[in-house]
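Structure, as structure tokens:
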Amino acid sequence: MPHVAARTASRDRDTGRYQSHRPEQTLLYQIVDEYYPAFAALMAEQGKELPGYVQREFEEFLQCGRLEHGFLRVRCESCHAEHLVAFSCKRRGFCPSCGARRMAESAALLVDEVLPEQPMRQWVLSFPFHLRFLFASRPEIMGRVLGIVYRVIATHLVKKAGHTHQVAKTGAVTLIQRFGSALNLNVHFHMLFLDGVYVEQSHGSARFCWVKAPTSPELTQLTHTIAHRVGRYLAQSARSCDFGQVEEQRLNARVYQDRSSPPISWISTSIEHL
């Protein structure tokens, strides 16, 4: 019987017919299904628990693509053939199926409807260890920091093109990655910036003005500017609101020392030309 099923699946694939997603046959699903409940129970015995969003990630992943957790019945109006299509988890954590679909759809949207046919440059910006936990646990703070970084780089591009913000505009799309190659906590920004600015013309149209690649001294100055402004914002935020006990331990006095000239080791910036 398994041999017949395998042959049928192969024939369906060759003819382009729909095949249902069977996550329970994958190694990842089997590992999570076997060990996640035991891991959660072990933490409960110790009086601990995973964050709610982590629990939902695991639990909804185990329901993804399984007919017993909900489905749609799809019927062809011509031949009246029917298929059952299981609901997907649509999570962004580690579900290969939903993750791949999200990446493909996001890339298609950017290429087809967002990014112009102009040169782009990727700016990758990472943060010191003692700030990563703060940004991961307080997304509103991370959003403000992203705004600071964008304004610094945008101002650099506008000035280098020889214009002002009144007549020249640039743009960027940022993807926030929260982990490193070892699945460690590593909040960093991947920013796709226009490699230039759009300059408004007298008749109302816009002309693209390309900007040369940043030099090493310019990158050093940008790094210092970003570090200074981010440090100033964090210092002001710490005085005006409560970060919470955990965040206060991470956001220690080193963040605020020598605010007039913050150390370059705060923030490292690397540039890759696309």
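For the sequence shown, the residue numbers in the UniProt record's numbering are 1 to 274. Here a beta-carbon is modelled for each residue, glycine too, at the ideal position from N, C-alpha and C.
Output needed for residue i: all residues of its chain with C-beta closer than 6 Å, excluding positions within five of it in sequence on either side, in chain order.
{"i": "residue 198", "result": "169, 206, 208"}
{"i": "residue 135", "result": "142, 187"}
{"i": "residue 237", "result": "none"}
{"i": "residue 69", "result": "63"}
Just the C-alpha distance for residue i and residue j, rounded to the nearest angstrom, thanks.
{"i": "residue 33", "j": "residue 133", "result": "29 Å"}
{"i": "residue 75", "j": "residue 97", "result": "23 Å"}
{"i": "residue 149", "j": "residue 142", "result": "11 Å"}
{"i": "residue 140", "j": "residue 185", "result": "18 Å"}
{"i": "residue 180", "j": "residue 239", "result": "31 Å"}
{"i": "residue 104", "j": "residue 85", "result": "20 Å"}
{"i": "residue 176", "j": "residue 94", "result": "16 Å"}
{"i": "residue 146", "j": "residue 224", "result": "16 Å"}
{"i": "residue 157", "j": "residue 166", "result": "13 Å"}
{"i": "residue 126", "j": "residue 160", "result": "24 Å"}
{"i": "residue 59", "j": "residue 26", "result": "16 Å"}
{"i": "residue 118", "j": "residue 90", "result": "32 Å"}
{"i": "residue 234", "j": "residue 217", "result": "26 Å"}
{"i": "residue 61", "j": "residue 171", "result": "35 Å"}
{"i": "residue 111", "j": "residue 189", "result": "20 Å"}
{"i": "residue 49", "j": "residue 138", "result": "20 Å"}
{"i": "residue 219", "j": "residue 124", "result": "12 Å"}
{"i": "residue 17", "j": "residue 53", "result": "36 Å"}
{"i": "residue 162", "j": "residue 55", "result": "51 Å"}
Helix or strand or just coil, what does DSSP make of residue i?
{"i": "residue 200", "result": "strand"}
{"i": "residue 105", "result": "helix"}
{"i": "residue 81", "result": "coil"}
{"i": "residue 88", "result": "coil"}
{"i": "residue 133", "result": "helix"}
{"i": "residue 118", "result": "coil"}
{"i": "residue 187", "result": "strand"}
{"i": "residue 124", "result": "strand"}
{"i": "residue 138", "result": "coil"}
{"i": "residue 212", "result": "coil"}
{"i": "residue 248", "result": "Interpretation of residue 248 is limited by its pLDDT of 47, a score under 50 that renders its predicted location unreliable; the figure taken from the coordinates is listed afterwards. Note: residue 248 maps to helix in three-state DSSP."}
{"i": "residue 174", "result": "strand"}
{"i": "residue 161", "result": "coil"}
{"i": "residue 206", "result": "strand"}
{"i": "residue 154", "result": "helix"}
Should residue i and residue j be called a contact, given that it needs their Cβ atoms to be closer than 7 Å?
{"i": "residue 173", "j": "residue 196", "result": "no"}
{"i": "residue 193", "j": "residue 121", "result": "yes"}
{"i": "residue 65", "j": "residue 21", "result": "yes"}
{"i": "residue 280", "j": "residue 29", "result": "Past the boundaries of the shown model lies residue 280; the chain is included only from 1 to 274, so the question cannot be answered."}
If you drop the 5 nearest sequence neighbours on each side, which residues of the same chain put their C-beta closer than 8 Å to that of residue i?
{"i": "residue 71", "result": "84, 85, 86, 87"}
{"i": "residue 114", "result": "173"}
Given residue i, which residues of its chain have a CB within under 7 Å of its CB, disregarding the five upstream and five downstream residues?
{"i": "residue 201", "result": "207"}
{"i": "residue 152", "result": "222, 225, 226, 229"}
{"i": "residue 73", "result": "82, 84"}
{"i": "residue 67", "result": "84, 86"}
Is it the case that the CB of residue i approaches a heavy atom of the ligand MG more closely than 6 Å?
{"i": "residue 207", "result": "As presented, the structure is devoid of all ligands, the ligand MG included, so that no description of it is given."}
Give the list of continuous beta strand (DSSP E) stretches no shorter than 3 residues that lie fully inside the stretch 17–75.
71–75
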